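Colleague: Under this note's numbering, the letters of the sequence shown match residues 5 to 458, in that order.
We put the CB at the ideal spot given by N, CA and C, even for glycine.
Quick caveat, the model's predicted, so the values are computed rather than measured.
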Amino acid sequence: MSLDVEDRPRRGRPPQRNEILRSGQFGGIAPEELAEQFGTPLYVYDLDVIERQVVALQTVLPSVAELAYAVKANPALAVVEHLGRLGLGADIASGGELATVRRAGIGADRIVMTGPGKRDDELAAAVAMGIRAVTVESPGELARLEAIASALGRVQPVLLRAAVTEGARAERVRLVGDDGAGKFGMDAGDLAAAARRAVDSSHLELLGLHAFGASNVLDAGALLEHVAATVRAARRLALSVGTSLRLVDAGGGLGIPYEPHEAALDLARLGAGLTEIARDWAADPVLSEARLLLEPGRFLVAESGAYLSRVVDRKTVNGRAVAILDGGVHHVLRPALVGQDHRIRAFCAWAAAANGSKATGPQATDSTDAATASCSTTPGGAGTTTRMVPVTVAGPLCSGLDVFSHGAVMTPPSVGDLVAVLDVGAYGFTESMPLFLSHPIPAEVAIRGGRAAL
Numbered sequence: 005m006s007l008d009v010e011d012r013p014r015r016g017r018p019p020q021r022n023e024i025l026r027s028g029q030f031g032g033i034a035p036e037e038l039a040e041q042f043g044t045p046l047y048v049y050d051l052d053v054i055e056r057q058v059v060a061l062q063t064v065l066p067s068v069a070e071l072a073y074a075v076k077a078n079p080a081l082a083v084v085e086h087l088g089r090l091g092l093g094a095d096i097a098s099g100g101e102l103a104t105v106r107r108a109g110i111g112a113d114r115i116v117m118t119g120p121g122k123r124d125d126e127l128a129a130a131v132a133m134g135i136r137a138v139t140v141e142s143p144g145e146l147a148r149l150e151a152i153a154s155a156l157g158r159v160q161p162v163l164l165r166a167a168v169t170e171g172a173r174a175e176r177v178r179l180v181g182d183d184g185a186g187k188f189g190m191d192a193g194d195l196a197a198a199a200r201r202a203v204d205s206s207h208l209e210l211l212g213l214h215a216f217g218a219s220n221v222l223d224a225g226a227l228l229e230h231v232a233a234t235v236r237a238a239r240r241l242a243l244s245v246g247t248s249l250r251l252v253d254a255g256g257g258l259g260i261p262y263e264p265h266e267a268a269l270d271l272a273r274l275g276a277g278l279t280e281i282a283r284d285w286a287a288d289p290v291l292s293e294a295r296l297l298l299e300p301g302r303f304l305v306a307e308s309g310a311y312l313s314r315v316v317d318r319k320t321v322n323g324r325a326v327a328i329l330d331g332g333v334h335h336v337l338r339p340a341l342v343g344q345d346h347r348i349r350a351f352c353a354w355a356a357a358a359n360g361s362k363a364t365g366p367q368a369t370d371s372t373d374a375a376t377a378s379c380s381t382t383p384g385g386a387g388t389t390t391r392m393v394p395v396t397v398a399g400p401l402c403s404g405l406d407v408f409s410h411g412a413v414m415t416p417p418s419v420g421d422l423v424a425v426l427d428v429g430a431y432g433f434t435e436s437m438p439l440f441l442s443h444p445i446p447a448e449v450a451i452r453g454g455r456a457a458l
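1) Given 8 Å as the limit, is there contact between the region 100-113 and the region 83-92, that is, 3 or more CB pairs closer than that?
2) Give the secondary structure of T396 by DSSP, where H, G and I count as helix, E and B as strand, and everything else as coil.
3) Compare the C-alpha of L222 against each of E229, I260, L241 and L61 and name the closest.
4) Could you pull out every residue in the same chain whose Cβ sits closer than 8 Å to the Cβ of A60, ignoring the five residues on either side in sequence?
5) Which of helix, strand or coil does DSSP assign to V475?
6) Is DSSP giving A287 helix, strand or coil here?
7) Would you check if the region 303-315 and the region 415-427 touch, i.e. whether three or more CB-CB distances between them fall below 8 Å?
8) Identify the residues that DSSP records as bridge partners of G212: which are they?
9) Could you give the distance in angstroms between the alpha-carbon of A153 and the alpha-carbon of K76?
10) Identify, in the order they occur along the chain, each residue of the same chain with its Cβ nearer than 6 Å to the Cβ of F440, setting aside the five sequence neighbours on each side.
11) Kindly indicate which residue of P394, V48 and A39 has the alpha-carbon position closest to the one of G432.
12) With DSSP collapsed to three states, give me the class of T320.
13) Between L195, F42 and V231, which has its C-alpha nearest L243's C-alpha?
14) Compare the Cα-Cα distances from S515 to each of A130, L269, R347 and E141 and report the closest residue.
15) Can you give me the start and stop residues for the beta strand (DSSP E) that G411 sits inside?
16) Rounded to whole angstroms, what is the Cα-Cα separation between T63 and L405?
17) Do you know how far the Cα of S248 is from the Cα of G189?
18) Please report the distance separating the alpha-carbon of G186 from that of A167.
19) Let's test the definition: count the other Cβ atoms within 10 Å of the Cβ of Q160 and tell me whether it reaches 16, buried, or not, exposed.
20) Based on the DSSP output, what are the partners of F188 in its beta bridges?
21) Should R165 be labelled buried (16 or more other beta-carbon atoms within 10 Å of its own) or exposed?
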């Protein structure tokens with residue numbers, strides 16, 4: 005039986021999908037069973053949810069489009085392996101990620117390396133491996149890459165990264181640490197010079213253009229505007245050096261709704277718009293043989309992940325219920341980093357034991373249509389009310405930033421109950437600071453077809 009966070013969508017907006025909110029289970033496995041087997045705190049990734057997202061996106065894409073998973077979103081080996089099995093390439097941003105995707109079995113011809121500060125040893129490893137493309141961020145990086153390719157006797161395909169495409173900032177979602185000054189890519193002057201150098205080089209091949217527009221975008225129109233602008237920029241670049249291009253990389257940015265009032269990305273509209281863009285460039289001689297590369301990360305994996313933690317203390321402070329967990333923002337930094345609460349679901353420990361966690365576990369209760377939840381007071385536990393009230397859900401750190409929710413509307417959980425922080429399959433554990441205060445490192449568990457494994 006579960007204690008649900010209120011999940012009422014605002015008028016006119018569809019509810020957000022989430023398997024855990026609907027079923028009260030993780031890939032068909034009860035939360036208490038996972039906690040017993042792997043301990044808490046714990047990261048759980050449902051690979052079947054990832055596959056659902058991949059299929060949903062691939063279904064609407066035109067034939068000219070292909071996907072490369074942005075490994076930065078979640079580099080867990082089981083996740084990367086699964087996406088590789090589904091046919092995706094990989095967008096990597098470090099030598100460590102390069103090693104991960106190769107270990108995951110993704111071929112070098114499906115790997116694109118990005119990032120504004122690539123070291124020489126990382127570039128050398130990529131060139132030696134023969135990856136599909138290196139995205140070049142500056143004239144200096146292009147010169148270093150050319151020298152490395154020459155020393156290795158290789159010809160390295162490159163994408164040139166544009167600092168900004170026209171219109172891309174109109175609907176820009178703010179990136180953490182991005183003040184608009186332009187850390188990424190090259191301006192028009194450097195871009196043209198880099199293109200000419202790549203075309204003239206015997207150790208570089210100008211494959212195409214890369215441009216990133218925004219992060220976590222839920223507006224299909226804004227994404228389409230960015231893709232169209234990137235295509236226009238690619239065409240101008242090709243004409244300026246008198247060559248055709250074979251790849252237009254529009255980056256990622258496909259978002260997921262983190263809050264109940266947010267509507268999901270309209271995939272049908274996105275697919276229709278991309279099909280129209282692809283149809284227009286098919287007759288263009290400088291782009292007719294080009295592929296469109298998208299690099300989604302968050303969209304594919306965020307909803308697959310949950311962070312499972314156990315309540316270790318409960319109190320009331322100035323009239324507000326507070327639940328303290330054994331896990332915190334040292335493992336899930338995003339709420340503190342961007343100032344956004346994640347949705348939370350709690351599960352009664354006593355109900356799980358009564359139901360038999362290895363069978364079905366806690367049963368879901370629908371709190372969206374009622375003011376109370378049926379699982380609230382544990383026999384001998386701290387629960388005292390069945391009413392849903394605002395609850396501060398926080399972690400164990402000696403930091404005021406260690407808060408997952410500042411007022412989740414829920415039945416206050418009791419000591420021993422499990423709490424799941426949802427939608428953390430992207431930018432979760434590896435974006436965090438797990439060594440802070442020397443707490444235990446959480447296990448990462450992948451579930452597929454109802455079977456869980458580290």
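Modeller: To lay it out plainly:
1) yes
2) strand
3) I260
4) L271
5) Absent from the structure is residue 475, since the part of the chain shown begins at 5 and ends at 458.
6) coil
7) yes
8) L163 and L251
9) 26 Å
10) H334
11) V48
12) strand
13) L195
14) The requested residue 515 does not occur in the structure, where the chain is confined to residues 5 to 458.
15) V407 to M414
16) 41 Å
17) 21 Å
18) 7 Å
19) buried
20) Answer is none; F188 lacks a bridge partner.
21) buried
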